[in-house]
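>
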Amino acid sequence: MENDAHAGTVQEKIVTSLFSIFMGRAPGPNEMTAIARLIVDLDSLPAVLERFANTDEFKNRKSPAAQQKSTVPIFAPAGHFYSPVVDPTTLTSTITPSRQRREPETLVGLDLDIAKMTQFWRDDLLPYAKDIPFADEPDGHHRYHYKNPAFSYGDGTVLYALLRRFKPKRVIEVGSGYSSACLLDASSGPGGFPCEITFIEPHPTLLKSLIREDDIQRVTILEQGIQSVPLSCFETLEEGDFLFIDSTHVLKTGSDVAFELAEVLPLIKPGVFIHFHDIFYPFEYSHSWAVAENRSWNEIYGLRAFLAFNKEFEVVFFNDMFLQLRVDVIKADCPSFLKNSGGSIWLRRRGVSDGTR
């Protein structure tokens with residue numbers, strides 16, 4: 003394709019069309035970036051088409067079981083009060099296009115200690131955040147770079163700093179992408195540490211492109227949804243280990259989010275760090291997501307309910323809350339964080355010290 007100002011747009015349109023034809027869905031941000039890079043010119047299209055045709059997702063979609071599933075009737079139409087799909091016209095008075103007020107420093111029933119969070123930032127995160135080697139754009143050496151559509155400056159900064167600070171022996175990541183690139187880079191190379199990583203990802207095309215030969219011995223990829231992973235897998239995590247969750251964001255009957263909140267988190271041992279993504283303060287989605295795009299995500303409300311009056315888990319860092327209430331600290335300590343503060347929230351099961359092993 004011609005290298006003009008419209009090339010990226012044309013490539014994105016092609017990728018969107020291919021996902022619609024082969025997968026029956028829109029591409030995720032990580033998928034859009036990964037596939038668009040493969041479309042260099044018209045001669046590259048046959049290889050891309052073959053790649054789509056050979057994916058497990060496409061083959062499963064064409065299976066008799068999948069065909070039957072697509073015709074299953076629904077109880078109530080989208081927007082009905084019995085449907086989990088929202089009618090965005092009902093949200094206009096509660097979710098506004100811009101934040102016009104200062105958010106509260108406390109929420110009823112939630113143990114959110116902004117002073118403690120600020121201390122954690124300065125003592126545990128900032129010393130490592132100052133030495134992050136990542137560039138804005140791909141540098142040919144690191145797998146992670148900041149200017150990506152899914153896990154950018156603030157998210158990458160906190161994940162890298164936490165990894166270097168606590169040096170987990172085991173990490174389980176549920177839902178893979180640019181966070182995987184950051185995880186692989188932070189745990190390897192100069193200053194790296196031994197770490198067994200299990201990726202739970204039913205669509206691992208992008209993930210597999212990140213794995214290098216020297217990663218093979220420490221990486222396990224489970225190409226399945228978390229609901230089919232034995233619970234014993236999560237019981238292997240010990241103090242200082244990480245459970246990193248970035249899944250569908252949808253809490254519904256049989257969903258991954260329902261499984262994570264009801265089955266996985268209660269099994270997590272004291273001292274284990276737990277991450278959720280796309281969580282914003284004060285536990286509400288933006289106008290663009292909730293109203294304009296009508297994503298109808300609801301994980302954020304399920305997580306808030308899980309944490310309410312829950313003394314077993316503490317919030318150690320909350321990117322968006324820190325942005326809303328301590329922007330002056332960020333400006334002084336790590337101004338790049340402000341380019342995209344991200345949507346990470348980090349929890350820890352209480353019961354042990356917060357020191358390294």
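Heads up: the sequence shown begins at 3 in my numbering, then just goes up one per residue.
Every residue gets a Cβ at the ideal spot worked out from N, C-alpha and C, and that includes glycine.
Since the model is a prediction, treat every value here as computed from it, not as a measurement.
#1: Quick test of your reading: I347 and F320, contact by CB under 8 Å. State the CB separation rounded to the nearest angstrom.
#2: Could you pull out every unbroken alpha helix (DSSP H) segment of at least 4 residues lying fully inside the segment 282 to 341, listed in chain order?
#3: CB-CB under 6 Å to R306, same chain, minus the five flanking residues each way: which ones, in chain order?
#4: Roughly how many angstroms separate the alpha carbons of V231 and S257, rounded to a whole number?
#5: Hey, L267 and V317: beta-carbon distance below 8 Å or not?
#6: Using the Cβ count rule (16 or more neighbours within 10 Å means buried), how would you classify I76?
#7: Should R392 and M25 be called a contact, given that it needs their Cβ atoms to be closer than 8 Å?
#8: So which of S22, V331, G304 has the shortest CA-CA distance to F60?
#9: In the DSSP output, which residue or residues are listed as bridge partners for I199?
#10: Please give the ranges of any alpha helix (DSSP H) in the segment 60 to 135, keeping only runs that are unbroken, at least 4 residues long and fully inside the region.
#11: I'd like the list of long-range same chain contacts for T18, defined as Cβ closer than 7 Å, with 5 residues on each side in sequence excluded.
#12: Note down, in chain order, each residue of its chain lying with its Cβ closer than 7 Å to the Cβ of L93, except the 5 sequence neighbours on either side.
#13: Roughly how many angstroms separate the alpha carbons of P170 and C336, rounded to a whole number?
#14: Taking three-plus beta-carbon pairs below 8 Å as touching, is the segment 199 to 209 in contact with the segment 226 to 243?
#15: When the Cα atoms are used, what is the spatial distance from H8 to K15?
#16: Give the secondary structure of I347 by DSSP, where H, G and I count as helix, E and B as strand, and everything else as coil.
#17: Please name the residue, chosen from L224, F168, R172, D216, that lies closest to T238 on a Cα-to-Cα basis.
#18: What first and last residue would you give for the alpha helix (DSSP H) that runs through L51?
#19: According to DSSP, is S245 helix, strand or coil?
#20: Count the other CB atoms, across all protein chains shown, that sit within 10 Å of the CB of T159; report buried if there are 16 or more and exposed otherwise.
#21: How many whole angstroms separate the CB atoms of H251 and E175, which I take to be in contact at a CB cut-off of 8 Å?
#22: Rounded to a whole number of angstroms, what is the C-alpha to C-alpha distance between L20 and L209?
#23: Could you check if I97 belongs to the surroundings of the ligand NAP, using beta carbon to heavy atom distance under 7 Å?
#24: Rounded to whole angstroms, what is the Cα-Cα separation between L185 and L165?
#25: Taking one C-beta from the segment 133 to 144 and one from the segment 108 to 119 each time, how about it: are there three or more such pairs within less than 8 Å?
#26: So who's on the other strand from I276, going by DSSP bridges?
#27: Please return the same chain residues whose Cβ sits closer than 7 Å to the Cβ of G179, not counting the five positions on each side in sequence.
#28: Note down the Cα distance separating A260 from A36, rounded to an integer number of angstroms.
#29: State yes or no: is the beta carbon of R220 nearer than 8 Å to at least one beta carbon in chain D?
#30: Answer with buried or exposed for G242, where buried requires no fewer than 16 other C-beta atoms within 10 angstroms of its C-beta.
#31: Following the continuous alpha helix (DSSP H) through Y180, name the residue where it begins and the one where it ends.
#32: Could you give the residue range of the alpha helix (DSSP H) that holds L212?
#33: Just to confirm my understanding: we take S390, look at its own chain, exclude 5 residues before and 5 after, and list those with CB closer than 7 Å. What are they?
#34: Which of the three DSSP states, helix, strand or coil, is assigned to T159?
#35: Using three-state DSSP, classify D1 as helix, strand or coil.
Per the coordinate set shown:
#1: 5 Å
#2: Complete alpha helix (DSSP H) runs here, min 4: 301 to 309, 321 to 327, 329 to 335.
#3: For R306, where only same-chain residues beyond five positions count, the Cβ hits under 6 Å are F285.
#4: 13 Å
#5: no
#6: exposed
#7: What the structure shows of the chain is the stretch from 3 to 359, and residue 392 is not part of that stretch, so it cannot be assessed.
#8: S22
#9: V173, V221
#10: 66 to 71, 116 to 122, 128 to 131
#11: Closer than 7 Å at Cβ, skipping near neighbours: A28, P29.
#12: A292, V293
#13: Approximately 24 Å between the Cα atoms of the pair.
#14: yes
#15: Low per-residue confidence applies at H8: pLDDT is 41, beneath 50, and the placement is therefore not dependable, though the value from the model is reported in the following sentence. About 11 Å.
#16: Strand, per DSSP.
#17: When only C-alpha atoms are compared, the closest one is R172.
#18: 47 to 55
#19: The residue asked about is misnamed: residue 245 is Leu in this sequence, not Ser. Three-state DSSP puts L245 in a strand.
#20: buried
#21: Their Cβ separation, rounded to whole angstroms, is 16 Å, which puts H251 and E175 out of contact at 8 Å.
#22: Answer to the nearest angstrom: the Cα atoms are 20 Å apart.
#23: Within the structure as shown, the ligand NAP is missing, as the structure has no ligands at all.
#24: 8 Å
#25: no
#26: L245, L349
#27: N32, A152, F153, L208
#28: 29 Å
#29: The structure shown contains no chain D; it holds only a single protein chain.
#30: By the C-beta density criterion, G242 is buried, having at least 16 other C-beta atoms within 10 angstroms.
#31: 180 to 188
#32: 207 to 212
#33: Because the chain in this structure spans residues 3 to 359, residue 390 falls outside the shown range and cannot be described.
#34: helix
#35: Because residue 1 is not part of the residues shown, which for the chain are 3 to 359, the question remains open.
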